[in-house]
Amino acid sequence: MTAKIIVVTSGKGGVGKTTTSAAFGTALALQGHKTVIVDFDVGLRNLDLIMGCERRVVYDLINVINGEANLNQALIKDKRVEGLSILAASQTRDKDALDKAGVGKVLKELRKSFDYIVCDSPAGIERGAFLAMYYADEAIIVTNPEVSSVRDSDRILGVLSSKSQRAEKGKDQIKEHLLLTRYSPERVTRGDMLSLDDVQEILSIPLLGVIPESKAVLKASNAGTPVSMDSESDAGQAYNDAVKRFMGEEVEHRFLSEEKQGLFGKLFGRRKAG
Amino acid sequence: MKWLTSLFAPKTQDQSANVAKERLQVIFAHERARANSPDYLPKMQKEITEVICKYVKINSDQVAVEFEQKGDRSVLELNITLPEEVEKAASKSKQTKAKTAKKTAAK
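Residue numbers (this note's numbering), protein chains in the order written: chain A, 4 to 277; chain B, 712 to 818.
As structure tokens, then:
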């Protein structure tokens, strides 16, 4: 099978790109696919921290591009999940450290030994974000149900369809997937959060999954464990569902409505929240 | 029991999510149209304004250039608002509308 490059992108910062890259990549590996997660956020690397391997970073992506280390030296094998590796970003402040040819070379080499290459994009539409998506076959657009996030997602979709290698070479378009994160069904019912239908209607790209707002996400990042490894949690289950859908399985969407409460729960819950 | 909770729920028009959706729809209609317009449009608009300014005293905001895509046809709409004095002198309509259509090859 030919390896697939997946970019996790959003335009806006803080919507859950790194959380998603870590959880999605780990879930891919848990389901038996050889996966590498590559951090493209040069200068502000955080994937290593979310994955809990920050103390094992010796060489990074830039070192490999510059020929200061080979790929095997820079790849960090996850100790918990078989077939999962991480390639950290550099902490250099040199913005031009990444170049198109160098990234292309590294990705080409990674294609040989992995089934999936998950590229964790930095926020914005600058160089790092551009290079993270340039070689992608598929894109996961991480969006929060909030106006600025939806607008930025739309901008990123525009960039994907015009500036990627696939667009330049006139090949098939990058396959786009919407991943709605930090979704709170209670607030949607109350009418103070954009609903899934609203966001889908506005962005009109296929839905990969909805990740509910969950305490498990912060707990997972505190511990350095990707949230998809917490199969008890709602967010963990939602990420595993999303990966199954990505692999073509039909999985019903969950966590889209409020948990059933009694009359008292509803009355008191509302009062508390209002 | 639904009727009971609906008593406490805010009315539709008060819901901020609806406001958010409407705002997004308005801004997207604008931004998507701009994203599809050719790169030379702002420069051309500037030059057209300069040419008109040679003959008539107008501000740049009195020239509106709209670019619209309809199937394989692109429509460029120029809308110039001429000042009052010119109108009296020419005793013609206040607005001059020029529409040009050109065919663009479908991608």
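Cβ coordinates follow ideal geometry from the N, Cα and C atoms, glycine included.
Beta-carbon proximity list for residue i, same chain, < 6 Å, skipping 5 on both sides
i                         : result
asparagine 243 of chain A : Ala30 and Ser231
valine 41 of chain A      : Leu90 and Cys122
lysine 810 of chain B     : Low local confidence applies: a pLDDT of 49 at lysine 810 of chain B is under 50, so the model's placement there is unreliable, with the coordinate-based value given in what follows. For lysine 810 of chain B, where only same-chain residues beyond five positions count, the Cβ hits under 6 Å are Glu788.
glycine 19 of chain A     : Val145 and Thr184
glutamine 168 of chain A  : Tyr137 and Tyr138
glutamine 76 of chain A   : Tyr62
Alpha carbon of residue i to alpha carbon of residue j, nearest angstrom
i                            : j                           : result
glutamine 806 of chain B     : alanine 170 of chain A      : Only weak support exists for where glutamine 806 of chain B lies, its pLDDT of 48 falling under 50; the coordinates are left without a value.
leucine 110 of chain A       : valine 191 of chain A       : 40 Å
arginine 48 of chain A       : threonine 23 of chain A     : 15 Å
glycine 239 of chain A       : phenylalanine 43 of chain A : 24 Å
cysteine 56 of chain A       : threonine 12 of chain A     : 22 Å
phenylalanine 249 of chain A : leucine 134 of chain A      : 23 Å
glutamate 795 of chain B     : valine 767 of chain B       : 11 Å
alanine 731 of chain B       : arginine 96 of chain A      : 37 Å
alanine 728 of chain B       : isoleucine 738 of chain B   : 15 Å
valine 776 of chain B        : glutamine 736 of chain B    : 22 Å
alanine 216 of chain A       : arginine 257 of chain A     : For clarity, residue 216 of chain A is glutamate in the given sequence; the question names alanine instead. Whole-angstrom Cα-Cα distance: 13 Å.
glycine 251 of chain A       : histidine 741 of chain B    : 36 Å
threonine 21 of chain A      : leucine 74 of chain A       : 22 Å
alanine 104 of chain A       : isoleucine 177 of chain A   : 20 Å
isoleucine 208 of chain A    : aspartate 140 of chain A    : 16 Å
glutamate 761 of chain B     : arginine 784 of chain B     : 27 Å
alanine 241 of chain A       : alanine 223 of chain A      : 14 Å
serine 748 of chain B        : cysteine 764 of chain B     : 24 Å
asparagine 225 of chain A    : lysine 108 of chain A       : 34 Å
valine 220 of chain A        : tyrosine 186 of chain A     : 13 Å
valine 786 of chain B        : serine 164 of chain A       : 23 Å
lysine 814 of chain B        : isoleucine 8 of chain A     : Here lysine 814 of chain B scores only 45 on pLDDT, less than 50, and its place in the model is too uncertain to base an answer on.
Beta-carbon spacing of residue i, residue j below 8 Å
i                        : j                         : result
glutamine 281 of chain A : valine 213 of chain A     : Because residue 281 of chain A is not part of the residues shown, which for chain A are 4 to 277, the question remains open.
valine 162 of chain A    : isoleucine 128 of chain A : yes
alanine 142 of chain A   : glutamate 179 of chain A  : yes
proline 229 of chain A   : alanine 25 of chain A     : yes
leucine 793 of chain B   : isoleucine 759 of chain B : no
glycine 16 of chain A    : alanine 132 of chain A    : no
glycine 14 of chain A    : arginine 158 of chain A   : yes
glutamine 780 of chain B : isoleucine 791 of chain B : no
valine 254 of chain A    : serine 124 of chain A     : no
glycine 227 of chain A   : isoleucine 53 of chain A  : yes
valine 150 of chain A    : arginine 743 of chain B   : no
valine 60 of chain A     : aspartate 51 of chain A   : yes
Counterpart residues of residue i in DSSP-defined beta bridges
i                       : result
leucine 183 of chain A  : A:Thr146 and A:Val213
valine 39 of chain A    : A:Ser88 and A:Ile120
lysine 80 of chain A    : A:Ser88
threonine 23 of chain A : Beta-bridge pairing links threonine 23 of chain A to no other residue.
isoleucine 9 of chain A : A:Val121 and A:Glu141
alanine 775 of chain B  : B:Asn790
lysine 178 of chain A   : A:Glu141
Cβ shell of residue i (< 7 Å), same chain only, five flanking positions each side left out
i                         : result
leucine 210 of chain A    : Leu181 and Gln203
isoleucine 205 of chain A : Val153
serine 88 of chain A      : Val39, Leu78, Ile79, Lys80 and Asp81
serine 260 of chain A     : Pro188
serine 156 of chain A     : Ser13, Gly14, Ile144, Thr146 and Leu206
lysine 166 of chain A     : Phe133
asparagine 69 of chain A  : none
serine 771 of chain B     : Thr760
alanine 72 of chain A     : Tyr62 and Asn66
Close Cβ partners of residue i (< 8 Å) along its chain, the five nearest in sequence each way excluded
i                      : result
serine 93 of chain A   : Val45, Gly46, Arg48, Asp63, Leu64, Ile65, Asn66 and Ala100
alanine 6 of chain A   : Leu113, Arg114, Lys115, Phe117, Asp118, Tyr119 and Ile120
glycine 282 of chain A : No statement about residue 282 of chain A is possible, as the shown extent of chain A runs from 4 to 277 and does not include it.
Residue-chain proximity (residue i, chain D), Cβ-Cβ < 8 Å
i                      : result
leucine 735 of chain B : The chain inventory of the structure shown lacks chain D, comprising the protein chains A and B.
| Can we say the region 233-243 of chain A touches the region 194-201 of chain A, given the rule of at least three CB pairs closer than 8 Å? | no
| said: Below 8 Å, how does it come out for the region 172-189 of chain A and the region 749-761 of chain B: are there three or more Cβ pairs, yes or no? | reply: no
| request: Could you tell me whether the region 36-43 of chain A touches the region 106-117 of chain A, where touching means 3 or more Cβ pairs closer than 8 Å? | output: yes
| said: With a threshold of 8 Å, are at least 3 pairs of Cβ atoms found where one atom belongs to the region 62-71 of chain A and the other to the region 98-105 of chain A? | reply: yes
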